[in-house]
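Visitor: Take this structure first; my questions come after.
Numbering (my numbering), first residue to last: 11 to 255.
Okay, structure coming up:
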């Protein structure tokens, strides 16, 4: 039995129909005998909408309150996905960052994960349940909600892979993997089957947005392979691994 971390980005859960599709993907992986922990982003566009609302209040909106506001997007998608799984007959439960807890430092709006308590979720998945975790968020030692910065759900997924001792982290997105160039600019862009952490970081520095750079950096430090896959295709995607593999 494998323990899998499956992360789904905002474009993968951007509509109710897409959430239902994601639920079916998870059910299939679960039915293969795997232990499943899911990390989910907010529905596409939601975080930007919430930030725009705070800007209407003040351009200097308090960072601690901004984290409370921005974290609510993942709460919605996390609950909807758990509900979709339950509707398919899968035992599932949603967890917000503070419920686990995912403990971060107090650098509000751009926090770093310090530790994740695993006991409750390990107990749940050992009893044939699928755990659905809200990405992008945690809780500080001040017992305040924190967020991890733009694209932080990728970082959440890598941290979950580390603390739950899994062999890899699968990141589902709306592209078929890491491509040689931007397909909107070059129609002949080709998918890369394998790429090193260092090469991926270099591509990110040049504008590639497939995986958050901080998540790639964290996976490189802890040698956690990342498997970038498309939510909308069963093809293999791209593996981000160490140069020695």
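Using N, Cα and C, we set each Cβ at its ideal position, and we do this for glycine too.
Look at the alpha carbon of residue 88 and the alpha carbon of residue 183, and state the distance between them as a whole number of angstroms.
Guide: Against the chain shown, residue 88 aligns to sequence position 78. Against the chain shown, residue 183 aligns to sequence position 173. Straight-line Cα distance between these residues: approximately 16 Å.
Visitor: State the CB to CB distance for the pair residue 47 and residue 199, rounded to an integer number of angstroms; the pair is presumed to be in contact (CB under 8 Å).
Guide: Taking the first residue of the chain shown as position 1, residue 47 is located at position 37. Taking the first residue of the chain shown as position 1, residue 199 is located at position 189. Contact doesn't hold; Cβ gap of about 32 Å is too wide.
Visitor: Quick one: measure Cβ to Cβ for residue 224 and residue 165, integer angstroms, because I've assumed they're closer than 8 Å.
Guide: If you number the chain shown from 1, residue 224 lands on position 214. If you number the chain shown from 1, residue 165 lands on position 155. Indeed, because the Cβ distance is near 5 Å, the residues count as touching under 8 Å.
Visitor: Three or more C-beta pairs closer than 8 Å, one from the region 106 to 114 and one from the region 126 to 146: is that the case here?
Guide: The region 106 to 114 is in contact with the region 126 to 146.
Visitor: Tell me the residue span of the beta strand (DSSP E) that contains residue 249.
Guide: As a working note, residue 249 is residue 239 in the chain shown. It spans 248 to 251 - the beta strand (DSSP E) in which residue 249 sits, taken as one unbroken run.
Visitor: So the beta strand (DSSP E) residue 141 belongs to, where does it begin and stop?
Guide: Against the chain shown, residue 141 aligns to sequence position 131. Residue 141 -> beta strand (DSSP E) spans 140 to 144.
Visitor: Tell me whether residue 23 sits in a helix, a strand or coil according to DSSP, three-state version.
Guide: Position 13 of the chain shown holds residue 23. Three-state DSSP puts residue 23 in coil, outside helix and strand.
Visitor: May I have the straight-line CA-CA distance separating residue 152 from residue 74, to the nearest angstrom?
Guide: One-based indexing of the chain shown puts residue 152 at position 142. One-based indexing of the chain shown puts residue 74 at position 64. Rounded to the nearest angstrom, the two C-alpha atoms are 11 Å apart.
Visitor: Closest to residue 97 by C-alpha separation, out of 204, 206, 34, would be which residue?
Guide: Taking the first residue of the chain shown as 1, we reach residue 97 at position 87. Considering only alpha carbons, the answer is 34.
Visitor: Hey, which unbroken runs of the beta strand (DSSP E) at 3 residues or more fall wholly within the region 129 to 180?
Guide: Segments of the beta strand (DSSP E) lying fully in the region 129 to 180: 140 to 144, 147 to 149, 155 to 157.
Visitor: Bridge partners for residue 189 per DSSP, in chain order?
Guide: Position 179 of the chain shown, counted from the first residue, corresponds to residue 189. DSSP output for residue 189 lists 201 as bridge partner(s).
Visitor: In angstroms with no decimal places, state the Cα-to-Cα distance between residue 210 and residue 60.
Guide: Counting from 1 along the chain shown, the entry for residue 210 is found at position 200. Counting from 1 along the chain shown, the entry for residue 60 is found at position 50. C-alpha separation (whole angstroms): 30 Å.
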